[in-house]
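**Q** Numbering (UniProt numbering), first residue to last: 1 to 282. Virtual Cβ for every residue (Gly too), placed ideally from N, Cα, C. Everything numeric in this text was worked out from a predicted model, so none of it was measured.
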Amino acid sequence: MALWTVPPVSETATGAAPGDVARQRLALDGDVWDAGPTMLAAPPARLRLVLGVSGARGGTGASTLAAACARALARRDGACVLVDLDEDGGGIDVLCGVEDQPGLRWADLRDATGDVPAAELRALLPTWGDVDVLSHDRARPGEVAPGALHDVLAALGTDVPLVLDLPRHVRSRPPVPVDLHVLVVPRDLQGVAAAQRSLHDLHPAAPVRLVTSGAAPGGLTEGVVADAVGVDVLARLHLDRTLPRAVERGVGPCGPRLHRTALAVLGALERARAPLAAGSRP
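So this is what it looks like as structure tokens:
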């Protein structure tokens, strides 16, 4: 296993890329982590709580809901990691206003397989309030090795709750099991059709719930959406008019109505987790 040390390094240099200072703070033998026995081969550790959020189509507010849920979890449990798994998106760090913060991104962790030290990793992530943020880097695009995705998330998930901002089309199981998958669905016919298609892309073992968003030009209610998709609706995502301005100012997603929707999702997350906590499978 690679040994982690944190030498004193000045963080006041200008012109550095967001991950530069964090990488300078890692004095490691060889790569970020040595390739060794991966967590895939180790006895599986129980993850604390994992919430997956995706949209039936683009522009539904799924990333906004994921961020709100991460903030609510951090306020309740003291910590949470918000994870960007949509490499084609604009970046969850931009949404939260932390894109200029130094710290590790997925580009720094592409080959981070093996025994990943979660506490040290969390200390090097950008933070949005009480939420640690692991995002992609627009300046350094590229895929992350599946083993690295799994090992990093499995390590973080044994330490703190995770909220995964997932791409619209998962098409394979997420890197780690999720306790609940929330699908954000627009309240129109195309949104419902997209949600019906999306269900085929989700991992079959994960319980799914819907959150509706947007206007209903044809008068679709939550009950109609639930019946058409065949999945229960938890809440409606109300986006405050001040939200775009808050994001532009770097405040990130906020507002009482958004927080209430996040609390409804957390309630469903706890209910989905309850059978496992009692020692049985859902």
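Just the Cα atoms here: how many angstroms apart are L125 and D201?
**A** Taking the straight line from one Cα to the other gives about 30 Å.
**Q** Mapping the DSSP letters down to three states, classify A268 as helix, strand or coil.
**A** Residue state, collapsed to three classes: helix.
**Q** How long is the line joining the alpha carbons of A264 and A246, rounded to whole angstroms?
**A** Going by the C-alpha atoms only, they are around 23 Å apart.
**Q** On a CA-only basis, which of D111, V160, A139 and G89 is nearest R122? Give me that one, please.
**A** Looking at the Cα atoms, V160 is the closest of the given residues.
**Q** Expressed to the nearest angstrom, what Euclidean distance is found between the alpha-carbon atoms of V163 and H259?
**A** Approximately 15 Å, taken between the alpha carbons.
**Q** Is R140 close to chain C, meaning its C-beta is less than 8 Å from at least one C-beta of that chain?
**A** Judged by its chain identifiers, the structure shown contains no chain C, having just a single protein chain.
**Q** Measuring alpha carbon to alpha carbon, tell me which residue in R48, A66, P141 and L49 is nearest L183.
**A** L183 has its Cα closest to that of A66, out of R48, A66, P141 and L49.
**Q** For D84, does the three-state DSSP call read helix, strand or coil?
**A** Here D84 sits in strand by DSSP.
**Q** Can you tell me whether DSSP reads P122 as helix, strand or coil?
**A** Reading off the sequence shown, one finds Arg at residue 122, where the question assumed Pro. Three-state DSSP puts R122 in a helix.
**Q** Please state the DSSP three-state secondary structure of D165.
**A** Strand.
**Q** Is it the case that the Cβ atoms of W128 and G252 are separated by a distance below 8 Å?
**A** Yes.
**Q** Check each candidate in D232, L269 and C80 and name the one with the smallest Cα separation from P185.
**A** According to the sequence provided, residue 185 is Val. The question's Pro does not apply to it. Measuring from the Cα of V185, the nearest candidate turns out to be D232.
**Q** Which same chain residues end up closer than 7 Å to A268 when comparing Cβ atoms and leaving out the 5 residues on each side of it in sequence?
**A** So the qualifying residues of the chain are L180, R209 and L234.
**Q** Using 8 Å for Cβ pairs, my map puts V53 next to G157. What's the rounded Cβ distance?
**A** Not quite, the Cβ-Cβ distance comes to about 15 Å (not below 8 Å), so this is no contact.
**Q** Quick check on the DSSP output: the beta strand (DSSP E) that includes residue 283 runs from which residue to which?
**A** The structure shown does not extend to residue 283, since the chain spans only 1 to 282, so no value can be given for it.
**Q** What is the residue span of the beta strand (DSSP E) that R138 lies within?
**A** Element bounds for R138: n/a, residue is neither H nor E.
**Q** Of all the beta strand (DSSP E) runs that stay within the bounds of the region 189-224, which reach a length of 3 or more residues?
**A** Counting whole runs of 3 or more residues, the region 189-224 contains the beta strand (DSSP E) stretches 208-213.
**Q** Around the C-beta of L189, are 16 or more other C-beta atoms found within 10 angstroms, so that it is buried, or is it exposed?
**A** Counting Cβ neighbours within 10 Å, L189 comes out exposed, since fewer than 16 surround it.
**Q** What separation, rounded to the nearest whole angstrom, lies between the Cα atoms of E248 and P256?
**A** So the alpha carbons of these two residues sit roughly 18 Å apart.
**Q** With 16 other CB atoms within 10 Å as the buried threshold, where does A139 fall?
**A** Exposed, because fewer than 16 other Cβ atoms sit within 10 Å of the Cβ of A139.
**Q** How about V83 and L153: do their beta carbons lie closer than 8 Å?
**A** Yes; because the gap between Cβ atoms is below 8 Å, this pair is in contact.
**Q** Could you check whether V229 and R187 sit closer than 8 Å to each other, using their CB atoms as the reference points?
**A** No, the pair does not count as a contact, with Cβ atoms beyond the cut-off.
**Q** In the DSSP assignment, find the unbroken alpha helix (DSSP H) run with P146 in it and report its ends.
**A** Start and end: P146 to D159.
**Q** Spatial neighbours of A194 within its chain, please: C-beta separation below 6 Å, excluding the five flanking residues on both sides.
**A** Excluding positions up to five away in sequence, the list reads A56 and R57.
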